[in-house]
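A.B. asks:
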Amino acid sequence: MNDNNDILKVAGLKKHYKDKAAVTGLSFAFSSGEFVGLLGPNGAGKTTTIKMLTGLIRPSSGTIHYYGSDFQQESQKTKALIGVVPQQNNLDRDLTAYENLYLHAILYGIPKAARNARIDELLDFSGLADYRNRQVKTFSGGTMRRLVILRALLHEPKILFLDEPTVGLDPQIRRVIWDFIVKINRMKNTTILLTTHYIEEAERLCKRVLIINDGAIIVDGDPEALKDGIGHFVLELHKDESIEEEFFDTRPDALAALEKSTYPCKVRGVTLEDVFLKLTGRRINV
Amino acid sequence: MFNGLYAVLYRELSIYRKRAVKQILSSSLSPLLFLIAFGWGFGSGVTVGGLPYISFLIPGLITMNSLNQSFAISAEINISRFYFHTFDEYLIAPVSHAGIVIGEAMFGVFRGLLATMIIFVYALIFHVTLSFNPLFPAAILLHTFSFSLLAVTTSMIVKDHSGQALVNNFVITPMIFLCGTFYPIDKLPYAFKLLVYVFPLTYSTKVIRAALTGGDVSIIYAGLMMFYCIIFFLTSLWALRSVEA
Ligand SMILES: Nc1ncnc2c1ncn2[C@@H]1O[C@H](COP(=O)(O)OP(=O)(O)O)[C@@H](O)[C@H]1O
Ligand SMILES: [Mg+2]
Numbered sequence: 001m002n003d004n005n006d007i008l009k010v011a012g013l014k015k016h017y018k019d020k021a022a023v024t025g026l027s028f029a030f031s032s033g034e035f036v037g038l039l040g041p042n043g044a045g046k047t048t049t050i051k052m053l054t055g056l057i058r059p060s061s062g063t064i065h066y067y068g069s070d071f072q073q074e075s076q077k078t079k080a081l082i083g084v085v086p087q088q089n090n091l092d093r094d095l096t097a098y099e100n101l102y103l104h105a106i107l108y109g110i111p112k113a114a115r116n117a118r119i120d121e122l123l124d125f126s127g128l129a130d131y132r133n134r135q136v137k138t139f140s141g142g143t144m145r146r147l148v149i150l151r152a153l154l155h156e157p158k159i160l161f162l163d164e165p166t167v168g169l170d171p172q173i174r175r176v177i178w179d180f181i182v183k184i185n186r187m188k189n190t191t192i193l194l195t196t197h198y199i200e201e202a203e204r205l206c207k208r209v210l211i212i213n214d215g216a217i218i219v220d221g222d223p224e225a226l227k228d229g230i231g232h233f234v235l236e237l238h239k240d241e242s243i244e245e246e247f248f249d250t251r252p253d254a255l256a257a258l259e260k261s262t263y264p265c266k267v268r269g270v271t272l273e274d275v276f277l278k279l280t281g282r283r284i285n286v
Numbered sequence: 001m002f003n004g005l006y007a008v009l010y011r012e013l014s015i016y017r018k019r020a021v022k023q024i025l026s027s028s029l030s031p032l033l034f035l036i037a038f039g040w041g042f043g044s045g046v047t048v049g050g051l052p053y054i055s056f057l058i059p060g061l062i063t064m065n066s067l068n069q070s071f072a073i074s075a076e077i078n079i080s081r082f083y084f085h086t087f088d089e090y091l092i093a094p095v096s097h098a099g100i101v102i103g104e105a106m107f108g109v110f111r112g113l114l115a116t117m118i119i120f121v122y123a124l125i126f127h128v129t130l131s132f133n134p135l136f137p138a139a140i141l142l143h144t145f146s147f148s149l150l151a152v153t154t155s156m157i158v159k160d161h162s163g164q165a166l167v168n169n170f171v172i173t174p175m176i177f178l179c180g181t182f183y184p185i186d187k188l189p190y191a192f193k194l195l196v197y198v199f200p201l202t203y204s205t206k207v208i209r210a211a212l213t214g215g216d217v218s219i220i221y222a223g224l225m226m227f228y229c230i231i232f233f234l235t236s237l238w239a240l241r242s243v244e245a
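Protein chains in written order, with this note's numbering: chain X, 1 to 286; chain G, 1 to 245.
#1: Which residue from G:P134, G:R111, G:I79 puts its Cα closest to that of M156 (chain G)?
#2: Does DSSP put I58 (chain G) in a helix, in a strand, or in coil?
#3: Can you find the residues in the same chain that come closer than 8 Å, C-beta to C-beta, to S218 (chain G), ignoring five residues on each side of it along the sequence?
#4: What is the chain-ordered set of residues for which the beta carbon lies under 6 Å from any non-hydrogen atom of ligand 1?
#5: Taking only beta-carbon atoms, is I106 (chain X) less than 8 Å away from chain G?
#6: Against chain G, which members of the segment 107-119 of chain X pass a CB distance test of less than 9 Å?
#7: From H104 (chain X) to L147 (chain X), what distance separates their C-alpha atoms?
#8: Expressed to the nearest angstrom, what Euclidean distance is found between the alpha-carbon atoms of C265 (chain X) and G40 (chain X)?
#9: Taking a contact to mean a Cβ-Cβ separation below 8 Å, would you say L162 (chain X) touches V85 (chain X) in this structure?
#10: In the DSSP assignment, what residue or residues form a beta bridge with Y17 (chain X)?
#11: Could you say if the segment 34-44 of chain G and the segment 5-20 of chain G meet the contact criterion of at least three C-beta pairs nearer than 8 Å?
#12: Could you tell me which of G:V158, G:L201, G:F120, G:D88 sits nearest to L142 (chain G), measuring between CA atoms?
#13: Can you list the residues of chain X that R11 (chain G) reaches, using a CB-CB cut of under 7 Å?
#14: At what residues does the alpha helix (DSSP H) containing F161 (chain X) begin and finish?
#15: Could one say the Cβ of P86 (chain X) lies closer than 8 Å to chain G's Cβ atoms, at least one of them?
#16: For S61 (chain X), list the residues DSSP reports as bridge partners.
#17: Checking 8 Å against the spacing of the C-beta atoms, do R111 (chain G) and Q69 (chain G) come in under that value?
#18: Taking Cβ positions only, does S30 (chain G) come closer than 8 Å to chain X?
#19: Can you tell me the Cβ-Cβ gap for A97 (chain X) and Y131 (chain X), rounded? I've got them flagged as a contact below 8 Å.
#20: Is the beta carbon of D163 (chain X) within less than 7 Å of some heavy atom of ligand 4?
#21: Examine chain G for any beta-carbon lying closer than 8 Å to the beta-carbon of L95 (chain X), and answer yes or no.
#22: Can a CB atom of chain G be found closer than 8 Å to the CB of E99 (chain X)?
#23: Using a Cβ-Cβ cut-off of 7 Å (strictly less than) and excluding sequence neighbours within five positions of E76 (chain G), which residues of its own chain qualify?
#24: Nearest-angstrom Cα distance between K159 (chain G) and V234 (chain X)?
#25: Kindly indicate the opening and closing residues of the beta strand (DSSP E) around G112 (chain G).
#26: Would L169 (chain X) pass as a contact of G215 (chain X) if the rule is Cβ separation under 8 Å?
#27: So is M175 (chain G) buried or exposed if we call it buried at 16+ other beta carbons inside 10 Å?
#28: For a test of your reading of the model: does the CB of Q88 (chain X) fall under 7 Å from any non-hydrogen atom of ligand 2? Yes or no.
#29: By the DSSP assignment, the alpha helix (DSSP H) with H238 (chain X) in it spans what residues?
#30: Using a Cβ cut-off of 7 Å, pull out every chain X residue sitting near S14 (chain G), in sequence order please.
#31: Taking the C-alpha atoms as reference points, what is the distance between T271 (chain X) and D228 (chain X)?
#32: Throw me the rounded Cβ distance for the L149 (chain G) and S236 (chain G) pair, which I believe falls under 8 Å.
#33: Kindly give me the distance between the Cβ atoms of T48 (chain X) and K15 (chain X), rounded to whole angstroms, as I take these residues to be in contact under 8 Å.
#34: Between T48 (chain X) and chain G, is the shortest Cβ-Cβ distance under 8 Å, so that the two count as touching?
#35: Assign I36 (chain G) to one of two classes, buried (16 or more other C-beta atoms within 10 Å of its C-beta) or exposed (fewer than that).
#36: Under 7 Å, CB to CB, which of the residues in the segment 62-74 of chain X have a partner in chain G?
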């Protein structure tokens, strides 16, 4: 039997398309309240993973258990525990914010008498009360994004999946969304799995990071520990053809090496990008 | 099942409310042109099987216009699947596929019935006398439900707009022109007659015309309408399931 303390447990999850293996075998478990990041370059298999975990596509093989019960067999009951923020804002643009939320409330079986109170409470929680009766097509990208997140919370999910929540938003709005997601994790104790290809996003928000490359998880751990594992400081050597990195435990060691170098170079702190580079020989963001 | 059904209807009707005038206007025009061209222009003085041509034409226009409107949900579902991805909201929700299918089909029936009313208004304006068989409401419900289910099936199978256009051009339009909506099918060459007896619209047209012009409603044809309805319900469920592959 599965360990029921895990909110989500995945084993040997794979997805093959006709000519392409999108996900080649994932295994991990989350406990309640965790804030996990799935970090990887474009095409690594992040969206495919989220779609399998939320029931939008069927895995080619492998198992998914929520609280110990099989997702395939108990999909209807289990779906009520899940909130999803897809990569694209899939709101009905011709409807108002309220109508979009009301639709969601019906879909998740929220009793009629509770619907309006729940909607208004969440509009306040996310600072969107002023937008209640306006058509979604008039909203900015950041406001739409917040509404999609808020919609996913309406049925009080135990676990929230966010697929690249801040892609395409400007830096200031990105911070607003970050604060909002952190607030959800802290105040509602919602377990969060967020996918991203932004290093900074994973480092700042996530207590645990799964790094995914070519459909497989190459490392899983606390971002700080992962960085400590390769050294604390990087010497970047700007060679003619490429940039090369050398890793050091202390700043003086790095500076000593810098003195000896004949290339233009700089010393900086280690990031998850370096972890990825060291494991794959590639960069996440090219 | 009811959460899904009710949610789909809530969404479709909320959007329809905002577009109602435009959609009713646009579904009024083409039957009017057919009535003017064939009813007045070409058909005056002509009789078909003892009926004035315009009385023969009106039931045909009812099946055509309601089919067009019911089937139009297909293109809209298509847009919500591939362009706005709003359809995914249904798929990740804890609702049954049957609820989603029946909800969409009931909205198709609603649009088909509005299209039917429009033709009845024209019948009044053009002073066409119709008789009214109590089987008519059942027949029009079955007809619009069937083609709404065909629309749901289509929208789940096609991959994009051009696929949708292909079905419209190669299935819907030929049905409308061949299945006895504008002229009796016994005038067609033998090969076409065979083809026409495969198309479900043929049976809708026969039953609905008989119900509105004082003819005998054939139990066999009504049974075939029911048969197609069941088939299209099953194909809808199958096609929706295949979306999650
Ligand atoms: N429906 C599909 N058919 C074929 N290949 C697909 C399909 N969806 C995704 N892929 C491929 O699977 C890989 C992973 O895609 P995706 O999960 O979207 O990556 P990410 O979200 O990490 O950018 C990519 O190479 C993509 O081209
Ligand atoms: Mg993606």
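Virtual Cβ for every residue (Gly too), placed ideally from N, Cα, C. The structure presented is a predicted model; accordingly, all values stated were derived computationally and were not measured.
C.D. replies: From the atom records:
#1: G:I79
#2: helix
#3: K206, V207, A210
#4: X:Y17, X:K20, X:A22, X:G40, X:N42, X:G43, X:A44, X:G45, X:K46, X:T47, X:T48
#5: yes
#6: L107, Y108, G109
#7: 12 Å
#8: Taking the Cα positions, C265 (chain X) is about 27 Å away from G40 (chain X).
#9: yes
#10: X:K20
#11: no
#12: G:L201
#13: The answer, in chain order, is D92, L103.
#14: Taken as a continuous stretch (DSSP letters only), F161 (chain X) belongs to no alpha helix (DSSP H), being part of the beta strand (DSSP E) at 159-163.
#15: yes
#16: X:K14
#17: Yes; because the gap between Cβ atoms is below 8 Å, this pair is in contact.
#18: no
#19: By a beta-carbon distance limit of 8 Å, A97 (chain X) contacts Y131 (chain X). Their separation comes to about 5 Å.
#20: Ligands displayed in this structure: ligand 1 and ligand 2; ligand 4 is not among them.
#21: yes
#22: yes
#23: none
#24: Roughly 48 Å between the two C-alpha positions.
#25: Element bounds for G112 (chain G): not the beta strand (DSSP E) but the alpha helix (DSSP H), 97-125.
#26: no
#27: buried
#28: Answer for Q88 (chain X): no, Cβ out of range of ligand 2.
#29: Run containing H238 (chain X): none in the alpha helix (DSSP H); it sits in the beta strand (DSSP E), 233-238.
#30: L95, E99
#31: 10 Å
#32: 5 Å
#33: 5 Å
#34: no
#35: I36 (chain G) is exposed by the Cβ-count criterion.
#36: none
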